[in-house]
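J.: From first to last, the protein sequence lines stand for chains A and B.
Residue numbering for the first sequence is 603 to 1109, as defined by our numbering.
Residue numbering for the second sequence is 2 to 330, as defined by our numbering.
In this text, a Cβ means the ideal position worked out from N, Cα and C, and glycines have one as well.
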Amino acid sequence: MTPPLLQALRLTKSFPGVRALKGVSLTLHPGEVLSVIGENGAGKSTLMKILAGVQTPDSGEIRLDGQPIELRSVHDAQKYGIALIHQELNLADNLEVAANIFLGREHLRWGLIDTQRLYREAETFLTAVGLEVHPATRVSELSLGQQQLVEIAKALSVQARVLIMDEPTSSLSSSEAATLFRVIRDLRSRGVSLVYISHRLGEVKELSDRVTVLRDGENAGDLERAEIHHAAMVRLMVGRDLSQFYAHEPHPPGAPVLQVRDLRTPANPRHPVSFEVRAGEIVGMAGLIGAGRTEVLEALFGVTPAVSGSIRLGGTDVRPESPEDAIAAGMALVPEDRKHQGVILEMAVRTNLSLASLRQDQQHGFLNRTREASLSEEMIRSLRIKTPSENQPVQFLSGGNQQKVVLGKWLALRPKVLLLDEPTRGIDVGAKHEIYRLMEELSRAGVAILFVSSELEEILGLSDRVLVLHEGRLTGELARADLSEEAVLHLATDTLPPDPVPASPAP
Amino acid sequence: MKKILGITTLLFVVCVLTSLASDSFLSAYNLENLVRRTALFGIISIGVAFVIVTGGIDLSIGSVVCLVGCGLPWLLTTQGWSVPAALLAVTALSLSIGLFHGLLITKLKLPPFVVTLCGLLLYRGIARGFTRDQTVGFGSDFKGLRTLATGEIPLPFLGGFSLPAPWIFLLVVAVLAAVFLNRTIYGRYLLALGRNEEAARYSGINTDRMVILAYVISSGLAGLGGILFVLDVNSAQPVDFGNFYELYAIAAAVLGGCSLRGGEGTIVGVIVGAALMQVLRNMITLVTTHNNIEFAIIGAVILAGVIADELVKRYAIRRRAARALAAEG
Ligand SMILES: Nc1ncnc2c1ncn2[C@@H]1O[C@H](COP(=O)(O)OP(=O)(O)OP(=O)(O)O)[C@@H](O)[C@H]1O
Ligand SMILES: [Mg+2]
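#1: By the criterion of Cβ-Cβ separation under 8 Å, what are the contact partners of A:E926 in chain B?
#2: Bridge partners for A:V797 per DSSP, in chain order?
#3: In the DSSP assignment, find the alpha helix (DSSP H) that holds B:A178 and state where it starts and stops.
#4: Could you say which of B:R315, B:S236, B:S23 lies nearest to B:T136 if we only look at CA atoms?
#5: Give, in chain order, every unbroken run of the alpha helix (DSSP H) that is at least 4 residues long and sits entirely within the region 859-937 of chain A.
#6: Would you please verify whether the beta carbon of A:F1053 is less than 9 Å from any beta carbon of chain B?
#7: Report yes if the CB atom of A:G894 is closer than 9 Å to the CB atom of A:S1055, and no otherwise.
#8: Tell me which same chain residues have a C-beta within less than 6 Å of the C-beta of A:G793, skipping the five on either side of it?
#9: Quick one: list the residues of chain A neighbouring B:G264, beta-carbon separation under 7 Å, in chain order.
#10: Excluding sequence positions up to five away, which residues of its chain have a Cβ less than 7 Å from the Cβ of A:P606?
#11: Should A:P737 go down as buried or exposed, given a rule of 16 or more other Cβ atoms within 10 Å for buried?
#12: Compare the C-alpha of B:I303 against each of B:T78, B:P74, B:L277 and name the closest.
#13: How about A:G1002: is its Cβ closer than 8 Å to a heavy atom in ligand 2?
#14: In the DSSP assignment, what residue or residues form a beta bridge with A:I687?
#15: Could you tell me which of A:Q943, A:Q964, A:L608, A:V656 sits nearest to A:L666, measuring between CA atoms?
#16: So, does the CB of A:G1010 fall closer than 9 Å to a CB anywhere in chain B?
#17: Between which two residues does the beta strand (DSSP E) holding A:R812 run?
#18: State yes or no: is the beta carbon of B:R202 nearer than 9 Å to at least one beta carbon in chain A?
#19: Should A:H801 be listed as close to ligand 1, given that the test is whether its C-beta is under 8 Å from any heavy atom?
#20: Mind checking the region 968-994 of chain A against chain B and listing, in chain order, the residues whose C-beta falls within less than 7 Å of any C-beta there?
#21: Can you pull out the residues from the region 907-933 of chain A whose beta carbon lies closer than 9 Å to at least one beta carbon of chain B?
#22: Which of the three DSSP states, helix, strand or coil, is assigned to A:L947?
#23: Is the separation between the beta-carbon of A:L751 and that of A:T729 shorter than 9 Å?
#24: Starting from A:H677, follow the alpha helix (DSSP H) in both directions and report where the run begins and ends.
#25: At 8 Å on the CB atoms, spell out the chain B contacts of A:A901, in chain order.
#26: Please classify B:G138: does DSSP put it in a helix, a strand, or coil?
#27: Should A:Q689 be counted as a contact of ligand 2 given a C-beta to heavy atom distance under 8 Å?
#28: Go through the region 61-93 of chain B residue by residue and report every complete run of the alpha helix (DSSP H) that reaches 4 residues or more, in order.
#29: How would you label A:N702, buried or exposed, when you count the other beta carbons within 10 angstroms and need 16 or more for buried?
#30: By the DSSP assignment, the beta strand (DSSP E) with A:A1081 in it spans what residues?
#31: Is there a Cβ of chain A sitting closer than 9 Å to that of B:E311, yes or no?
#32: Check the C-beta distance from A:P907 over to A:P922 and give it rounded, since I have them as a contact under 8 Å.
#33: From this set, A:R863, A:G882, A:S876, which residue's C-alpha is nearest A:P852's C-alpha?
#34: Hey, would you say the C-beta of A:N954 is under 8 Å away from at least one heavy atom of ligand 1?
#35: Verify the CB distance criterion: does B:T185 have a CB-CB separation below 9 Å to chain A?
#36: Comparing C-alpha positions only, which one of B:E265, B:F139, B:G103, B:V36 sits nearest to B:L76?
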């Protein structure tokens, strides 16, 4: 039998106050897709960073084709043909797409960058990942999902034998994810081995030849192709059973809390949207990436104020010109981009959790430290945030736990209207259920919830009603009784009669 | 805390070395002068610390010191204004300079470096203009007013040693600043936006208002510094009054633990940093025969301090990791 392509043996790694890996092993065969799953903080990203030379293990061995190798830097790993797509985006967003793809490996011509060739080759990789933008586009102009695709194109361009993807779909919509799966299958058929990390077990089941499960920095077990079922994966990850779908129990909603009339966002000024959310109602907002869902939430929250239209909150007109206004009116927004908008990475868990509610809890301008401490303790406990202490800087938490910190920060405000943009991005199954339960609880308490999600399961499972957007236009509204995957996808990809809205003259 | 300890040790070492190298260092006259200068520079350093905490920079401090330092005697002597009117005018002027900077930086999104660099050129130019580049001073008048800077408060039990009056100002400013930064929600807002302005704004913080406030504080304290400096030395020459003071202030803040990346800083650290800067300058004048290497030495010491700090930080991280490993395994 040929030796495994890549093997990790008894790797350990510690950080201050945390033992992230306590002797983890992993085996990757040629031409297979191996999924690595586990709860938030189980050590998946740490293991991958070690395999890609980003971090060095404290002990343990790595073998390639049966030979022990040392990976001291990313450069070493690339030399051996190992490439990693990080969980957090790592693009220079002031540079062009092509420049990012070939960063550090630019083609030269007479000592200068050969831009034409760069564009040409970038184009082929962009086509491969199904991203239709010009290679000269600046990365900062792309949406988060598109940026993720650029990362993947970049990894493809290294011509890796082993390609590691750490939660590549967490910011992709289902159709973009489908493109990615095509790319993955195509790579596998060409003999590339892939390591795939995701909290979306449906994807894992669909893609993987084998699954390795980590729990608390140790191997919890492996599953062969035939054994890969939702229940089996969850049992190994969590150590107990969890039902596959979250069954939301609708309860009669109250009076309309949030009423939006003819809201025009700066991004899509030609398509006014109108809708309402009642007290105790959970409304899902579906659509492809770029459909304008985030823009609607950001207009409601005053991040990029609406061009026109009216927003009524509990019967009074509000015109949020800033998040400050929106919060004062009783809204909260769990934003899409955790790293930039959600947390302050260098600050402690406690400081992040209290940041939005400092004003509410102030004592004549002074910090209420007792309240701050009890609040962070309460949130860490109820959201099960995995952290050595409340003083740990958020940057040292695993991605999913960072997301829980963002949620906690906004729950602490006790808003009347809760807006959530991809709230379970990067969160493990157990924690997802907790967040769904929390949303359910809040809605029972009368909070009006509007959430955006690219996970159809989530939209279907949680929503009392679903709004579907396509290219900035509200293409439909589905009541719970009419909800189905087909109905949502149909509206989201729009095969509809032409624009019902009299278009205002284009600028 | 560790940072303050480090720089305090450095201050102590430099003091000991200087006193060994020069007999006049420990003379009452020299020490008193040193302590007084420390207070004056401490005040302007605290000001710039607020701006540095937001991730910005204020290069105009020296010129604001010049503008106010020349403006006060000019108003009082040449223009014959009353003392309260003149003080009010220069204070209002320095605060509005800060407001002006803050508005340009937040509303027009101009880079702080550019805005305050232009301020540096502008305000000194204005001062040289209205004084016609002539020295302005109090002569032998305004003795009462000048005690604000030259006065001394005798300390009991300390054998005739007395506290220079500017220390009263410094202590009041420092206590207010420390309470503001560490105990109020606005201080927390400043630290948060210094690290990640976008996340701070998403959290409902009016970041523009906080940034403007920081520049107002910086210019305001530069103004207070300017008043005290000119009262202390009795006259001001517009060409070089307050020259390079912004750099002393920034260096003190950085030595005292403010990160130029924003979001970090303590007031006590800044005061110790200011003291260190003054002792260094003092050492150079006392020990060497040529003052012209002053900047070289100051630059070298600051660089060494920053490098040492970074190395210690890395070492501490590695130690912590090793300890965690030992504790568990
Ligand atoms: N640089 C670091 N410093 C300190 N602790 C760290 C660091 N990196 C990771 N950790 C800790 O190590 C543990 C494992 O983290 P890791 O990122 O590998 O988890 P993960 O399985 O990828 O989780 P997620 O699904 O949330 O992304 C976590 O407890 C995390 O807080
Ligand atoms: Mg991870």
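T.: Taking the coordinates as given:
#1: G205, I206, N207
#2: A:L636, A:I766
#3: Counting along the chain, B:A178 sits inside the alpha helix (DSSP H) bounded by residues 167-184.
#4: B:S236
#5: 895-902, 925-931
#6: no
#7: A:S1055 is positioned such that its CB atom lies no closer than 9 Å to that of A:G894.
#8: G633
#9: E948
#10: T629, L630, H631
#11: buried
#12: B:L277
#13: yes
#14: Per DSSP, A:M767.
#15: A:L608
#16: no
#17: 812-817
#18: yes
#19: Yes, ligand 1 has a heavy atom inside 8 Å of this Cβ.
#20: F968, L969
#21: S924, P925, E926, D927, A928, I929, A930
#22: coil
#23: no
#24: 676-681
#25: Under the 8 Å cutoff, chain B gives no residues; its nearest Cβ is about 14 Å from A:A901.
#26: strand
#27: yes
#28: 62-74
#29: buried
#30: Residues 1075-1081.
#31: no
#32: 7 Å
#33: Out of A:R863, A:G882, A:S876, A:G882 has the C-alpha closest to the C-alpha of A:P852.
#34: no
#35: Under the 9 Å criterion on CB atoms, B:T185 is classed as interfacial with respect to chain A.
#36: B:F139
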